[in-house]
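> I am attaching a structure below and will ask some questions about it afterwards.
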Amino acid sequence: MSEAIDWPLEVHRILSAAKLRQVGYVPDAGHKRLIELCRADDEMRAVPLTTEEEGIGLAVGAWLGGERCALLMQSSGVGNIINALGTIKECRFPLPMLITMRGEYGEFNPWQVPMGQATPAVLEAMGVVVQPVREAAGIPAAVDAALRLAYNSYVATAVLISQQVIGIKSFQEQAAR
Amino acid sequence: MSANLKRRDVVARLLAERGDLLVVAGLGSTAWDCTAAGDHPLTFPLWGAMGQAAMMGLGLALAHPSRRVLVVTGDGEMLMGMGSLATIGVQRPANLSVVVIDNERYGETGMQATHTASGVDLAAVARACGFAHASTLTRESEIAALRAAVHAQPGPNFAAVKVVADKVPIVLPPRDGGLLKARFRRALLGDAADTQ
Numbered sequence: 601m602s603e604a605i606d607w608p609l610e611v612h613r614i615l616s617a618a619k620l621r622q623v624g625y626v627p628d629a630g631h632k633r634l635i636e637l638c639r640a641d642d643e644m645r646a647v648p649l650t651t652e653e654e655g656i657g658l659a660v661g662a663w664l665g666g667e668r669c670a671l672l673m674q675s676s677g678v679g680n681i682i683n684a685l686g687t688i689k690e691c692r693f694p695l696p697m698l699i700t701m702r703g704e705y706g707e708f709n710p711w712q713v714p715m716g717q718a719t720p721a722v723l724e725a726m727g728v729v730v731q732p733v734r735e736a737a738g739i740p741a742a743v744d745a746a747l748r749l750a751y752n753s754y755v756a757t758a759v760l761i762s763q764q765v766i767g768i769k770s771f772q773e774q775a776a777r
Numbered sequence: 047m048s049a050n051l052k053r054r055d056v057v058a059r060l061l062a063e064r065g066d067l068l069v070v071a072g073l074g075s076t077a078w079d080c081t082a083a084g085d086h087p088l089t090f091p092l093w094g095a096m097g098q099a100a101m102m103g104l105g106l107a108l109a110h111p112s113r114r115v116l117v118v119t120g121d122g123e124m125l126m127g128m129g130s131l132a133t134i135g136v137q138r139p140a141n142l143s144v145v146v147i148d149n150e151r152y153g154e155t156g157m158q159a160t161h162t163a164s165g166v167d168l169a170a171v172a173r174a175c176g177f178a179h180a181s182t183l184t185r186e187s188e189i190a191a192l193r194a195a196v197h198a199q200p201g202p203n204f205a206a207v208k209v210v211a212d213k214v215p216i217v218l219p220p221r222d223g224g225l226l227k228a229r230f231r232r233a234l235l236g237d238a239a240d241t242q
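Right, dumping it as structure tokens:
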């Protein structure tokens with residue numbers, strides 16, 4: 601089964617090899633392990649944000665200073681970064697984003713569905729190159745490609761990690777956490 | 047609060063003999079103020095991204111701990127990114143200063159009152175968020191010390207400088223975002239920035 605792959609560990613290794621020095625994030629269950637790996641890495645500055653939009657400013661400042669910055673967020677957070685993405689496009693800042701999906705495959709919370717369903721279209725409308733991934737085994741290669749595209753071509757890229765990978769939570773499971 | 051400081055005088059004094067200071071200028075009036083003080087490759091003036099100036103300062107300060115970083119922005123811009131004060135307070139970069147030129151107005155949209163006109167205290171917010179130093183300045187005699195703090199005081203530092211809400215001539219920096227980015231990186235990182 602492809603689910604046997606430890607994708608957060610692989611993704612952390614790829615971020616490290618690509619010399620990502622800053623990682624901005626809003627806490628998210630799907631990114632929990634990757635966030636922990638980044639926080640434990642002395643070569644990376646993991647920066648918790650109050651809203652995803654702050655991550656765009658962080659990444660701009662990092663690149664102005666010569667450092668690479670990736671953002672980790674949930675698809676609902678995409679709604680918080682739309683205007684700021686205009687700066688990324690106008691100035692051609694490189695910006696890799698790893699986005700875990702909600703409101704998509706078997707979602708239990710109806711309030712997550714509108715933003716989740718709109719996420720690819722919204723990102724593409726703002727000039728972000730979007731790469732959906734539906735299997736854990738495909739995530740490392742997609743992240744590697746997203747980093748290469750971002751830094752070789754000075755664009756924003758987004759790897760959308762499906763709920764098929766993250767798992768589907770029910771109200772009951774959520775309450776028991 | 048009846049202010050008598052003039053925004054152009056304050057910014058010109060903050061940026062005088064700036065040395066290797068790195069500057070992010072918030073969109074609108076503070077970008078014009080910084081340009082009036084002298085367009086500079088190591089100033090990144092914003093034409094958009096309202097609310098993100100302080101976070102850009104944070105990313106820059108973390109990338110270059112050995113350089114002093116100054117964010118000059120307006121009260122309306124800072125209010126839109128108030129959460130970033132909490133984020134900066136958690137990271138506590140010693141080399142970062144955020145100076146809000148506070149005229150208690152949205153200067154580009156018709157001088158409507160911002161929340162600071164009703165008493166919202168940005169320096170108190172910054173202090174509560176963990177900034178090492180945070181104060182509200184109203185007097186001309188305090189500006190020299192603020193400039194010295196920007197260059198040398200271990201931060202993060204925050205100051206709200208109350209200024210007169212008058213209209214001043216617009217002095218525009220270059221508009222091309224790609225140019226502003228590239229010239230900043232080249233000035234900071236050298237030619238290697240072009241092939242990084």
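These protein sequences, in sequence, are chains E and Z.
The letter at position 149 of the first sequence is residue 749 when you use the working numbering, and the numbering goes up by one with no holes.
The letter at position 103 of the second sequence is residue 149 when you use the working numbering, and the numbering goes up by one with no holes.
A virtual CB, placed ideally from N, CA and C, is assigned to each residue, including glycine.
If we count the other Cβ atoms within 10 Å of its Cβ and call it buried at 16 or more, is serine 602 of chain E buried or exposed?
By one-based count along the first sequence, residue 602 of chain E stands at place 2. Residue confidence is low: serine 602 of chain E scores 47 on pLDDT, short of 50, so the model does not pin down where it sits. No coordinate-derived value is stated.
> Straight-line CA distance for tyrosine 705 of chain E to glutamine 712 of chain E?
Start at 1 with the first residue of the first sequence, and residue 705 of chain E comes out as number 105. Start at 1 with the first residue of the first sequence, and residue 712 of chain E comes out as number 112. Their backbone Cα atoms lie some 11 Å apart in a straight line.
> Near serine 75 of chain Z, what residues of its chain come up, given a Cβ to Cβ distance below 6 Å and the 5 sequence neighbours on each side ignored?
Numbered from its first residue, the second sequence carries residue 75 of chain Z at position 29. Cβ within range, chain order: Gly120 and Gly153.
> What does proline 648 of chain E reach in chain Z if we use C-beta pairs closer than 8 Å?
The residue labelled residue 648 of chain E in the question sits at position 48 within the first sequence. Result: Thr133 and Val136.
> For the region 54-138 of chain Z, which segments carrying the alpha helix (DSSP H) assignment without a break, of at least 4 residues, lie completely within its bounds, in sequence order?
The region 54-138 of chain Z contains these whole alpha helix (DSSP H) runs: 75-82, 99-109, 121-126 and 129-137.
> Where glutamine 763 of chain E and glycine 655 of chain E are concerned, what is the direct C-alpha to C-alpha distance, given to the nearest angstrom?
For the purposes of this step, residue 763 of chain E is identified with residue 163 of the first sequence, where counting begins at 1. For the purposes of this step, residue 655 of chain E is identified with residue 55 of the first sequence, where counting begins at 1. One C-alpha to the other measures close to 23 Å.
> If you run the structure through DSSP and keep just helix, strand and coil, what is phenylalanine 230 of chain Z?
Here the question's residue 230 of chain Z lines up with position 184 in the second sequence. Note: phenylalanine 230 of chain Z maps to helix in three-state DSSP.
> I need the straight-line Cα distance from leucine 131 of chain Z to cysteine 175 of chain Z, nearest angstrom please.
In the second sequence, counting from the first residue as 1, residue 131 of chain Z sits at position 85. In the second sequence, counting from the first residue as 1, residue 175 of chain Z sits at position 129. When rounded, the distance between both Cα atoms is 6 Å.
> Along the beta strand (DSSP E) that carries histidine 179 of chain Z, what are the first and last residues, could you check?
For the purposes of this step, residue 179 of chain Z is taken as residue 133 along the second sequence, with counting starting at 1. Run containing histidine 179 of chain Z: 179-183, per the beta strand (DSSP E) assignment.
> What's the C-alpha gap between tryptophan 78 of chain Z and isoleucine 216 of chain Z?
Here the question's residue 78 of chain Z lines up with position 32 in the second sequence. Here the question's residue 216 of chain Z lines up with position 170 in the second sequence. Approximately 6 Å between the Cα atoms of the pair.
> For valine 145 of chain Z, report the span of its beta strand (DSSP E) as first-last.
Within the second sequence, the letter at position 99 stands for residue 145 of chain Z. Run containing valine 145 of chain Z: 142-148, per the beta strand (DSSP E) assignment.
> Below 8 Å, how does it come out for the region 81-100 of chain Z and the region 685-694 of chain E: are there three or more Cβ pairs, yes or no?
A contact exists between the region 81-100 of chain Z and the region 685-694 of chain E.
> Within the chosen definition, does the region 48-64 of chain Z reach the region 208-215 of chain Z through at least 3 CB pairs nearer than 8 Å?
Yes, they touch.
> Quick one: Cα of proline 87 of chain Z to Cα of valine 70 of chain Z, how far?
Taking the second sequence and counting its residues from 1, the one referred to as residue 87 of chain Z is at position 41. Taking the second sequence and counting its residues from 1, the one referred to as residue 70 of chain Z is at position 24. About 11 Å.
> The beta strand (DSSP E) spanning isoleucine 761 of chain E covers which residue range?
On the first sequence, position 161 is the one that residue 761 of chain E refers to. Counting along the chain, the beta strand (DSSP E) containing isoleucine 761 of chain E begins and ends at 756-761.
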